[in-house]
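Peer 1: Numbering (my numbering), first residue to last: 228 to 512. Just dropping this structure here.
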């Protein structure tokens, strides 16, 4: 079969463009997007939200995985500065501070991570829970480092925040994969009726929580890290698949927000799921 020079030239140009396209996508997914940190604001309406806290700004972050590619201590300092620039009323961190065995990464001691996070500033304080990676490494050590630097870790425990005679409660539940979650025992520490925010690493706890929890906040999923057009998020570490992968979810009057996190695990890639500082504006409507 005779193929003209023009046809060959068109074929080579087409092949070259395809290769350039593939290289551009790889550059974006492995270098550019995971190196970004975006700020995304979401308004959540909670009818029972106390008026004293109306329009509160809650910053939620998760899965810092400091030591993964793109997230070193210098980048963590930038993240802290960006968070403080949002003038948050409350900062909540949903676990996975450390990372082990990630391709191209370097382990960072939890004490060094906590020393940077100590600079976070919020009117009502900074609270955290631990994630599976923290416990796979040394959860007690991570918890101690955070507590010693002014970040209160709630391991099946609660904290009360008061203003003008009204209160909201933060209930921190232990990691689903590595610990025992004492849901009933933890929530029983809160005198009812009360406005309760549950902070947990893994969103799969959400359907198991009682109806009077005003809002559940989680991380863990990384939003799948890769969100392919037409195919969606193919790998989400959840028994519910994409159901609780990312963002604001409302089911049967319950509300959940899952932040896509900041670092990476296993493979240092993000595609159409940029690292995010989630700013939640909570309103009574």
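Ideal placement from N, C-alpha and C gives every residue a C-beta, glycine not left out.
Under three-state DSSP, which class holds residue 267?
Peer 2: It is a strand residue.
Peer 1: Sorted by chain position, which residues of the same chain lie with C-beta nearer than 6 angstroms to residue 294's C-beta, five sequence neighbours on each side aside?
Peer 2: Contacts found: 326, 332, 333, 334 and 335.
Peer 1: Where in the segment 450–501 do unbroken runs of the alpha helix (DSSP H), each at least 4 residues long, occur, reported from the N-terminal end onward?
Peer 2: Segments of the alpha helix (DSSP H) lying fully in the segment 450–501: there are none.
Peer 1: What is the C-beta distance between residue 292 and residue 360, in whole angstroms, given that I count them as a contact (C-beta under 8 angstroms)?
Peer 2: Right, the Cβ-Cβ distance comes to about 7 angstroms (below 8 angstroms), so this counts as a contact.
Peer 1: Look at the alpha carbon of residue 377 and the alpha carbon of residue 240, and state the distance between them as a whole number of angstroms.
Peer 2: Computed Cα separation, rounded: 59 angstroms.
Peer 1: Where does residue 251 sit, in a helix, a strand or coil, going by DSSP?
Peer 2: Reduced to three states, the DSSP call for residue 251 is helix.
Peer 1: Should residue 251 go down as buried or exposed, given a rule of 16 or more other Cβ atoms within 10 Å for buried?
Peer 2: Under this definition residue 251 is an exposed residue.
Peer 1: Assuming the contact rule is C-beta atoms closer than 8 angstroms, residue 261 and residue 499 should be a hit. Round their C-beta distance to whole Å, please.
Peer 2: In fact, because the Cβ distance is near 12 angstroms, the residues do not count as touching under 8 angstroms.
Peer 1: I need the straight-line Cα distance from residue 512 to residue 493, nearest angstrom please.
Peer 2: Their backbone Cα atoms lie some 41 angstroms apart in a straight line.
Peer 1: Assign residue 348 to one of three DSSP states: helix, strand, or coil.
Peer 2: Coil at residue 348, not helix or strand.
Peer 1: Go ahead and pull the three-state DSSP assignment for residue 384.
Peer 2: If DSSP states are grouped into helix, strand and coil, residue 384 belongs with the strands.
Peer 1: Within 10 angstroms of the Cβ of residue 308, are there 16 or more other Cβ atoms? Answer buried if so, exposed if not.
Peer 2: Under this definition residue 308 is an exposed residue.
Peer 1: Please list the segments of the beta strand (DSSP E) lying wholly inside the segment 400–459, counting only runs of 3 or more residues, in order along the chain.
Peer 2: DSSP runs (the beta strand (DSSP E)) wholly in the segment 400–459: 423–426 and 442–445.
Peer 1: Excluding the 5 residues flanking residue 256 on each side, which residues of the same chain have their C-beta closer than 8 angstroms to its C-beta?
Peer 2: Counting only Cβ-Cβ distances below 8 angstroms, and skipping sequence neighbours, we find 453, 496, 497 and 498.
Peer 1: Can you tell me which residues form a DSSP beta bridge with residue 317?
Peer 2: According to DSSP, which records beta bridges pairwise, residue 317 is partnered with 285.
Peer 1: By the DSSP assignment, the alpha helix (DSSP H) with residue 258 in it spans what residues?
Peer 2: Per DSSP, residue 258 belongs to no alpha helix (DSSP H) and is neither H nor E.
Peer 1: Which of helix, strand or coil does DSSP assign to residue 389?
Peer 2: Reduced to three states, the DSSP call for residue 389 is strand.
Peer 1: Smallest Cα separation from residue 273: which of 457, 451, 438 and 486?
Peer 2: Checked all of 457, 451, 438 and 486; the closest Cα to residue 273 is 438.
Peer 1: Helix, strand or coil for residue 507, going by three-state DSSP, please let me know.
Peer 2: It is a strand residue.
Peer 1: Would you mind sorting residue 509 into buried or exposed? The rule is 16 or more other CB atoms within 10 Å of its CB.
Peer 2: Per the 10 Å Cβ criterion, buried.
Peer 1: Smallest Cα separation from residue 315: which of 342, 284 and 304?
Peer 2: Of 342, 284 and 304, the residue nearest in Cα terms is 284.
Peer 1: According to DSSP, is residue 396 helix, strand or coil?
Peer 2: If DSSP states are grouped into helix, strand and coil, residue 396 belongs with the strands.
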